[in-house]
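Accompanying notes for the structure given below.
Numbering (the numbering used here), first residue to last: 24 to 158.
Dropping the structure here:
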């Protein structure tokens, strides 16, 4: 039997999902009519330069802050069960570890890399020769 809180939460989630789809369609339609350049293709006067580490932190911060907020708030009854707490703890440890690696510059020195190491020079050479195309 569904509680009133559960039904209200489902309605809110459904409304937010529909809103996200509608905004996505509107942005897609608007962007089809504009020719916006980004990244290295943008004019130097139109570029907003953000350091890579700061950009990564700003991009990833909501993924860490929202679960922390959910855990700290009293309105999360699902987090009372042990399996959910364990999963949330594993997620937070994972994100904390990723954050530590990126902020301290250890991303290319990760010991559990599954692909062979190659130098930055080799990567740069390959990217320049393919001109960004996938082969």
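No residue lacks a Cβ here, since even glycine has one placed at the ideal position from N, Cα and C.
Asked, Found
"Rounded distance between the beta-carbons of residue 84 and residue 93, thought under 8 Å", "No, residue 93 and residue 84 are not in contact; Cβ-Cβ is about 15 Å, not under 8 Å."
"DSSP three-state assignment for residue 97, whether helix, strand or coil", "coil"
"Contacts around residue 111, its chain only, beta-carbon distance under 7 Å, and the 5 residues preceding and following it disregarded", "90, 94 and 102"
"Euclidean distance between Cα positions of residue 77 and residue 97", "31 Å"
"Residue 39 (DSSP reduced to helix, strand or coil)", "helix"
"Three-state secondary structure assigned by DSSP to residue 124", "helix"
"Span separating the alpha-carbon of residue 31 from that of residue 54", "34 Å"
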